[in-house]
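Written out below as structure tokens is the structure these notes cover.
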Amino acid sequence: SMGAAQAQTPVDDQPQRRVYAPADNRDNCFFVISKVQPVHLNVYEVRDVDTVLRASYPACVAINRGQKERSGDNKTPESYPGEPFRITQIQDASSWYHDFGDGRGSIPAYGHWFLRLETPGFSGIGIHGSTNNRESIAIGRGSEGCIRLLDEDIIHLKEHYATVGTPVIILPEDHGPLSFEK
Numbered sequence: 112s113m114g115a116a117q118a119q120t121p122v123d124d125q126p127q128r129r130v131y132a133p134a135d136n137r138d139n140c141f142f143v144i145s146k147v148q149p150v151h152l153n154v155y156e157v158r159d160v161d162t163v164l165r166a167s168y169p170a171c172v173a174i175n176r177g178q179k180e181r182s183g184d185n186k187t188p189e190s191y192p193g194e195p196f197r198i199t200q201i202q203d204a205s206s207w208y209h210d211f212g213d214g215r216g217s218i219p220a221y222g223h224w225f226l227r228l229e230t231p232g233f234s235g236i237g238i239h240g241s242t243n244n245r246e247s248i249a250i251g252r253g254s255e256g257c258i259r260l261l262d263e264d265i266i267h268l269k270e271h272y273a274t275v276g277t278p279v280i281i282l283p284e285d286h287g288p289l290s291f292e293k
């Protein structure tokens with residue numbers, strides 16, 4: 112019977128979140144975003160001398176590749192280990208609208224939460240949901256600079272791992288995996 116196999120196939124053909132374990136202490140968590148396909152956000156927790164993978168979420172970054180240089184360039188800013196961005200605010204974005212200039216007008220676009228990042232030199236960058244833009248997650252590119260997750264994944268990330276102060280590393284396309292990711 113094909114029933115069991117079909118039950119595991121995602122309805123909208125989206126890459127799926129993988130949760131390995133809850134955090135023992137969310138204050139010891141940090142996020143690493145890889146801009147390499149498949150684009151993803153990994154949650155790690157520092158435990159004693161180990162760095163342990165806790166969860167992995169499919170994600171989408173900006174339309175254009177490379178380090179953000181100016182507002183409006185449709186690039187996602189990059190940060191490195193030792194110089195991470197940090198979450199400065201966790202905001203309810205369920206009533207926020209945005210006009211992407213694509214003819215759809217001003218539409219709900221951010222999912223339930225906006226995890227605002229401190230990105231020196233740039234404002235308005237965060238990790239948020241994908242209301243009305245779910246298909247961009249499978250593509251891995253499509254935002255104007257933010258990191259976009261599926262709506263259900265931004266809720267899961269906020270409920271289980273994110274805090275104000277969480278470090279966020281956004282690796283450039285040409286940066287290989289970090290030592291603990293291999």
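When we follow the working numbering, the leftmost residue of the sequence shown carries the number 112, and every step to the right adds one.
Glycine included, every Cβ here is placed at the ideal spot set by N, Cα and C.
Starting from residue i and walking both ways along the alpha helix (DSSP H), at which residues does that stretch end?
i: leucine 268; result: 262 to 271
Could you check the C-alpha separation between residue i and residue j for me, to the nearest Å?
i: glutamate 284; j: lysine 146; result: 5 Å
i: tyrosine 272; j: proline 169; result: 16 Å
i: alanine 173; j: asparagine 139; result: 28 Å
i: tyrosine 191; j: arginine 158; result: 20 Å
i: glycine 183; j: isoleucine 258; result: 15 Å
i: tyrosine 131; j: isoleucine 265; result: 17 Å
i: alanine 134; j: arginine 245; result: 27 Å
i: arginine 128; j: glycine 214; result: 31 Å
i: proline 126; j: histidine 151; result: 10 Å
i: leucine 282; j: phenylalanine 225; result: 20 Å
i: phenylalanine 211; j: serine 217; result: 8 Å
i: arginine 137; j: glutamate 156; result: 8 Å
i: histidine 286; j: tyrosine 208; result: 34 Å
i: alanine 166; j: phenylalanine 141; result: 11 Å
i: arginine 181; j: phenylalanine 233; result: 8 Å
Regarding residue i and the ligand MN, is the C-beta to nearest heavy atom distance less than 6 Å?
i: glutamine 178; result: Questions concerning the ligand MN fall outside what the structure shown contains, since it holds no ligand whatsoever.
Between which two residues does the beta strand (DSSP E) harbouring residue i extend?
i: serine 247; result: Serine 247 -> not in any beta strand (DSSP E); alpha helix (DSSP H) instead, spanning 246 to 250.
i: arginine 176; result: Segment: none, arginine 176 is in no beta strand (DSSP E) and carries neither H nor E.
i: histidine 151; result: 151 to 158
i: glycine 237; result: 237 to 239
i: tryptophan 224; result: 224 to 229
i: arginine 197; result: 196 to 203
i: histidine 63; result: In the structure as shown, the chain begins at 112 and stops at 293. Residue 63 is therefore absent and cannot be evaluated.
Find out if the Cβ-Cβ distance for the pair residue i, residue j is shorter than 7 Å.
i: proline 278; j: threonine 242; result: no
i: glutamine 178; j: glutamate 189; result: yes
i: isoleucine 198; j: valine 275; result: yes
i: aspartate 262; j: glycine 240; result: yes
Starting from the Cα of residue i, find the closest Cα among the options and give me that residue.
i: glycine 237; options: Ala249, His223, Glu246 and Ile250; result: His223
i: proline 231; options: Pro195, Ser254, Ser217 and Ser205; result: Pro195
i: serine 205; options: Ser217, Tyr221, Arg197 and Gly193; result: Tyr221
i: arginine 176; options: Glu255, Leu261 and Glu246; result: Glu255
i: histidine 267; options: Thr187, Val154 and His286; result: Val154
i: arginine 227; options: Lys269, Thr162 and Leu289; result: Lys269
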